[in-house]
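Input: a single structure, listed below in structure tokens.
Protein chains: 2
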Amino acid sequence: MRAHIQSLPGSKIREVANAALGRNDVLAFWFGEGDEVTPAFITEAAVQSLRSGETFYTHNLGLPELRTAIALEMTRRHRTAVASDPINADRIAVTSGGVNALMLAAQALIDPGARVVAVTPVWPNLTAQPWIMGAQLHCVSLTPTAGAWELDMDQLLDAITGQTQVLIVNAPNNPTGWTLSVDEQRILLEHCRRTGTWIVADEVYESLYYESTVNGCAPSFLDQATPDDRLVVVQSFSKSFLMTGYRLGWLVLPTAMSASMGNLIEFNTSCASVFTQRAGLAALARADEVTPRVVAHLKLCRDTLVDALLPIDGIELARPRGGMYAFFHLPGHPDSLQTAKRLVAEAGLGLAPGEAFSPQAQGWLRWCFSSQDPARLLDGVERLRGWLARSL
Amino acid sequence: MRAHIQSLPGSKIREVANAALGRNDVLAFWFGEGDEVTPAFITEAAVQSLRSGETFYTHNLGLPELRTAIALEMTRRHRTAVASDPINADRIAVTSGGVNALMLAAQALIDPGARVVAVTPVWPNLTAQPWIMGAQLHCVSLTPTAGAWELDMDQLLDAITGQTQVLIVNAPNNPTGWTLSVDEQRILLEHCRRTGTWIVADEVYESLYYESTVNGCAPSFLDQATPDDRLVVVQSFSKSFLMTGYRLGWLVLPTAMSASMGNLIEFNTSCASVFTQRAGLAALARADEVTPRVVAHLKLCRDTLVDALLPIDGIELARPRGGMYAFFHLPGHPDSLQTAKRLVAEAGLGLAPGEAFSPQAQGWLRWCFSSQDPARLLDGVERLRGWLARSL
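Those protein sequence lines, which keep their order, are chains X and E.
Position 269 of the first sequence, counted from 1, bears residue number 268 in numbering that gives the first Met the number 0, the numbering being contiguous throughout.
Position 71 of the second sequence, counted from 1, bears residue number 70 in numbering that gives the first Met the number 0, the numbering being contiguous throughout.
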């Protein structure tokens, strides 16, 4: 086996979760997933497709009607005065989940030895994928400031040179909640046009945004890009439609890239299942019945959790503008993996350790606040408080 | 985009199929897929899982109960006097289809610049994947002999040196129907032990085998390997259970590789959908109701087609021992892509061009004989005969 692959670290989040195996008294907030099943009308679309015999291969790039529906939705979200072209269906590739979309982007764009810049802390999959493709990875860390994580734009621009093949950025960010501003996206887009650098933008949390905006979304590179920019945007049905288990996502590509992406999908998964794609079609057709409710509830969860955490003595935490995580620094507990394991063992509380997302996030903890019952979050905070009092 | 990826050729099979767009009078035998929907009891297992709310992430390596069921099935098939250990569940990884299993194997085993040997003609995905990973690919061609394709073992052994990281071999073979013998597998296994070469064995057609055997399967490397051999076997639910559209497969790995494979699955697709895995469990639980019937029918289809083709003047064709393809040489028609397109346009017959599988198969055509109604195959042969008569 490749030494390169053997050296890939296992998931530190899973390491914490494994510490709870056999226990059913742990309040788990470690994974990036809520506890609400997929809405029945979405599931029934998959059921109907299955029972009608849609159990064959389909197009590599996805069902034409789903590509069209996604294109319309992305045009609704991201057609602006600057990006005035509609987003056409031939720029859409349907993928087997958001992470599959990211891996396909990595295969398409990253040569062995290529220089890749990633903004961290970030979901570890985004830095593992360039590693698998043999990239030379350069991480630029956000800086924690009063509980929030902020971008030093000059540092990032210095890192992106004419030798940088790809910039990987996830905003709204998992785990920090950091979000790129419109101005920052414009600066990055213009800079990467000059350096010839591709931008892979993981924007799967764009709809889980709690500020007031025209389109209900966080700022997106698509709001400012042309169809020919070196920009690949990754999206997913998982979070906004409560469809994590369906493994369905999509890519928005420059038109010229679609044919090659179809080839790559052929060589990776052939296609997403038709019945899964039918579920995606149903979700988009009635998006108004799902996403706004999900976002309103997540906002309540966020505020419930953050308001309960903030009074804890010494805690550093900012209210995230987007995403579904509270990311906080706990004073006096510098080893976040050990802390997370102790919280499981000694308090029955399951959180993700900050070091899973970057070395700079050592001492931080991630709390997924997507919970049908917000009282679970308060129970969790009480467990944290009790543990902190006992471990002084 | 990587020049490397842009240079990946599009599917020549799809190029032929595209030539038929807008026509509904074409008898299509180009894809490796039958025309029978998945058995209802399998589909209903997926339906029940969906409706019971199994719409969340699951283990990277698959549901423990599915890994166990697969391990039992693989032990039943491949435990022999030589390979006397049972195949344990910790050696099984559930994947999003057979092609996904192959790509995961490529990521795990192929370093940039590594020397990889592949036996051709072969399904083009098997040679595209090492290319994507930046391998230096060396193809060893089978030799056509009276319509059959045969392996020159000395030539293959010469190609596999101490510098060869991976050998990729698909037997029973798509497209030729060529099958490795027990002795040939032993020789290759022993040779690769000496050179330190990994064997990636695509054995997805092992159950579609028409000779009489103890286990109902074609010879498998697993019949002779130890759990520690550098052997990765790729399997799929697609063909033996009529489940192409489910995108569900598996890998049999050396035990020491499983943890890293779990990481790679996390970074590629996270997991296969739980409801899809439930369908796989149902399929394995009642395999006796599906696979034997499928194989008996395919044998009838094979014989129907081969017996109808053989009398055609000058045709070179051998009756395949395994798989679901008749692969034949048509005299006087050296350009198989052009021939396949002409057959679509002028005869309403859809076949796959040999050159899609290797340059050596130029002038050959692949006919997938998986057809619910064998009379369709005879209709196709009549169209071929008529076209040949007209194009003399």
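Glycine included, every Cβ here is placed at the ideal spot set by N, Cα and C.
{"Query": "Contact criterion: CB-CB distance below 8 Å. Does residue 324 of chain X meet it with respect to chain E?", "Result": "no"}
{"Query": "Inspect the beta-carbon positions of residue 106 of chain E and residue 263 of chain E and report whether they are closer than 8 Å.", "Result": "yes"}
{"Query": "Among residues of its own chain, excluding the 5 on either side of residue 44 of chain E, which ones have a beta-carbon nearer than 6 Å to its beta-carbon?", "Result": "277, 278, 281"}
{"Query": "On the DSSP bridge list, what partners appear for residue 326 of chain X?", "Result": "X:365"}
{"Query": "Using beta carbons (cut-off 8 Å, strictly below), is residue 296 of chain X in contact with chain E?", "Result": "no"}
{"Query": "Would you mind telling me which residues of chain E sit closer than 8 Å to residue 54 of chain X, beta carbon to beta carbon, in chain order?", "Result": "36, 37, 42, 241, 242, 243, 244, 245"}
{"Query": "Going by alpha carbons, who is nearest to residue 237 of chain X out of X:89, X:75, X:314, X:95?", "Result": "X:95"}
{"Query": "Can you say whether residue 6 of chain X is buried or exposed, counting buried as having 16 or more other CB atoms within 10 angstroms of its CB?", "Result": "exposed"}
{"Query": "Going residue by residue through the stretch 177-247 of chain X, where are the continuous beta strand (DSSP E) segments of at least 3 residues, counting only ones entirely within it?", "Result": "197-201, 230-235"}
{"Query": "Entirely within the stretch 67-132 of chain E and at least 4 residues each: give me those alpha helix (DSSP H) ranges in chain order.", "Result": "97-108, 124-131"}
{"Query": "Between the Cα of residue 241 of chain X and those of X:343, X:346, X:82, X:369, spot the shortest distance and give me the residue it belongs to.", "Result": "X:369"}
{"Query": "DSSP has residue 137 of chain X in a bridge; who is on the other side?", "Result": "X:116"}
{"Query": "Under 8 Å, Cβ to Cβ, is there at least one residue of chain X near residue 102 of chain E?", "Result": "yes"}
{"Query": "Judging by CA-CA distance, which residue of X:321, X:270, X:265, X:60 is the nearest neighbour of residue 302 of chain X?", "Result": "X:321"}
{"Query": "If distances are taken between C-alpha atoms only, which option among E:199, E:123, E:121 comes closest to residue 104 of chain E?", "Result": "E:199"}
{"Query": "Would you report the Cα separation of residue 181 of chain X and residue 125 of chain X, rounded to the nearest angstrom?", "Result": "22 Å"}
{"Query": "For residue 50 of chain X, which residues in chain E fall below 9 Å Cβ to Cβ?", "Result": "39, 42, 43, 46"}
{"Query": "Does any residue of chain X bring its CB to less than 8 Å from the CB of residue 7 of chain E?", "Result": "yes"}
{"Query": "Against residue 189 of chain X, what residues of chain E qualify as contacts under a CB-to-CB distance less than 7 Å, listed in chain order?", "Result": "Simply none; closest approach about 20 Å."}
{"Query": "First and last residue of the alpha helix (DSSP H) that includes residue 307 of chain X?", "Result": "290-308"}
{"Query": "Report, in whole angstroms, the separation of the C-beta atoms of residue 359 of chain E and residue 120 of chain E, which I expect to be a contact under 8 Å.", "Result": "7 Å"}
{"Query": "Could you please give me the residues that DSSP links to residue 165 of chain X through a beta bridge?", "Result": "X:115, X:197"}
{"Query": "Quick one: give me the first and last residue of the beta strand (DSSP E) that residue 149 of chain E is part of.", "Result": "147-149"}
{"Query": "For residue 210 of chain E, does the count of other Cβ atoms within 10 angstroms reach 16, so buried, or fall short, so exposed?", "Result": "exposed"}
{"Query": "Give the straight-line distance between the Cα atoms of residue 254 of chain E and residue 248 of chain E, rounded to the nearest whole angstrom.", "Result": "18 Å"}
{"Query": "Among X:343, X:387, X:252, X:101, whose alpha-carbon lies nearest the alpha-carbon of residue 313 of chain X?", "Result": "X:387"}
{"Query": "My output table needs one value for residue 170 of chain X: the three-state DSSP class, helix, strand or coil.", "Result": "coil"}
{"Query": "In angstroms with no decimal places, state the Cα-to-Cα distance between residue 206 of chain E and residue 159 of chain X.", "Result": "52 Å"}
{"Query": "Identify the residues that DSSP records as bridge partners of residue 144 of chain X: which are they?", "Result": "X:147"}
{"Query": "Starting from residue 437 of chain E, follow its DSSP beta bridges and name the residues at the other end.", "Result": "The first residue shown for chain E is 0 and the last is 391, placing residue 437 of chain E beyond what the model contains."}
{"Query": "For residue 165 of chain E, tell me which candidate among E:191, E:148, E:70 has the shortest Cα-Cα distance.", "Result": "E:191"}
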